[in-house]
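Engineer: Residue 183 is where the sequence shown ends in this note's numbering, and the numbering goes up by one at each step.
Beta carbons are placed, not taken as given, at the ideal position from N, Cα and C, and that holds for glycine.
Treat the numbers as computed from the prediction; the structure is a model and nothing was measured.
Shown below is the structure under consideration.
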Amino acid sequence: MESIQGRALVASPYLTDSNFLRAVVYILKHDEDGAIGLILNRPMQTTVGALLEQCTENKISNDQPVYCGGPVDGPLMVLQCVRGDGGEVVLVGSEQDQIVEVCSRPNDDPTLQYRVFDGYSGWGDGQLDAELRAGGWLLWDIEPSQIFGDCNDLWKTAVREIGRDILASGIDPERMPVDPAYN
C-alpha cells in the first residue's frame, strides 16, 4: 500500500477499538515495517509545564495541555509547525532538550505552534493497511492549521470535509450550476 505519512486517519464508525473512538491520528511514519501516529484530539488533564517539571525538575511555566498520543507507552513527543519560504512544515521531535526549548518559549507568540504528546499510536507490519481496507479508517489531507487548531471539533470537521470530497468527486462539474442556490 502507498505510504500515508503526513496525512491523518479519521476513525470511522466501523472501528471497534475504544482507544480510537472519534480519533484523528496524524501519521508520522508508514512503511513496510508498520506505522506510527499521534492522536490529535485527546487533551489530557496534565499541563506541559507540570509534566516537564516532573521530567526535568526545572520549573517551566506552560499551561498548554499534554495530549494522549495513543495507547502505546513511549517517549514524550512534540509536533511543531515551522514556517519557511516553502510554506508550513510539520516537524516531530522526541529529544527532551528540544521539547523543553520549544515549550519554554512565551505562549503569546502567534507564530509558535506546537503540541506535546505522551504515548503514541502504533501498528505492526500490514496491520494499518488491513484496518484501512476493512473501513476502520478514513484518510484526510490535514492542513497544519487543523493539526494545531481547536481539537474539540476536529473529528467532526474531518468527517464533514471527507464527506464533501466524496460527494464532490461523484458530481460532473459540467452539470453543476454556476449559482449554488439552484442546486
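Mark E143 as exposed unless 16 or more other C-beta atoms lie within 10 angstroms of its C-beta, in which case mark it buried.
Structural biologist: Result: exposed.
Engineer: Got a sec, what are the start and stop residues for the beta strand (DSSP E) S121 sits in?
Structural biologist: Q113 to W123
Engineer: Using 7 Å as the threshold, is the C-beta distance between Y120 and L38 below it?
Structural biologist: Yes.
Engineer: Alpha helix (DSSP H) containing C103: first to last residue?
Structural biologist: Q96 to C103
Engineer: Given a threshold of 16 other Cβ atoms within 10 Å of its Cβ, counted over all protein chains shown, does E118 qualify as buried or as exposed?
Structural biologist: Note that residue 118 is Asp in the sequence shown here, rather than Glu. It is buried - the Cβ of D118 has at least 16 other Cβ atoms within 10 Å.
Engineer: Applying the 10 Å Cβ sphere with the 16-neighbour rule, what's the burial state of L91?
Structural biologist: exposed
Engineer: Give me the DSSP bridge partner(s) of E225.
Structural biologist: Because residue 225 is not part of the residues shown, which for the chain are 1 to 183, the question remains open.
Engineer: Just to check my reading of the structure: L28 and Q64 have Cβ atoms closer than 8 Å, yes? What is that Cβ distance to the nearest angstrom?
Structural biologist: 20 Å between Cβ atoms; not a contact.
Engineer: Here's a check: name, in chain order, each residue in its chain whose Cβ is nearer than 7 Å to the Cβ of D201, leaving out the five neighbours to either side.
Structural biologist: Nothing in the structure corresponds to residue 201, since the chain is present only between 1 and 183.
Engineer: Is it the case that the Cβ atoms of N19 and C151 are separated by a distance below 7 Å?
Structural biologist: no
Engineer: May I have a chain-ordered list of the alpha helix (DSSP H) segments no shorter than 4 residues that lie completely inside the region 7-84?
Structural biologist: You should have 48-56.
Engineer: Is V48 close to the ligand NAD? I mean its beta-carbon at under 6 Å from any heavy atom of the ligand.
Structural biologist: Annotation note on the ligand NAD: not contained in the displayed structure, which lists no ligands.
Engineer: Look up G93 in the DSSP assignment and say whether it is helix, strand or coil.
Structural biologist: strand
Engineer: Ignore the nearest five residues each way along the sequence and tell me which others in R175's own chain have a CB closer than 7 Å to its CB.
Structural biologist: Unreliable placement is indicated for R175, whose pLDDT of 46 sits below 50; the coordinate value is still reported in the next sentence. Around R175: no qualifying Cβ.
Engineer: Quick test of your reading: V102 and Y114, contact by CB under 8 Å. State the CB separation rounded to the nearest angstrom.
Structural biologist: 5 Å
Engineer: Pull up the distance between the alpha-carbon of S61 and that of G122, whole angstroms please.
Structural biologist: Taking the straight line from one Cα to the other gives about 31 Å.
Engineer: Which residues in the same chain as M1 place their Cβ atom closer than 8 Å to its Cβ, once the five residues preceding and following it in sequence are excluded?
Structural biologist: For M1, where only same-chain residues beyond five positions count, the Cβ hits under 8 Å are D129 and L132.
Engineer: What is the DSSP secondary structure of E131, reduced to helix, strand or coil?
Structural biologist: helix
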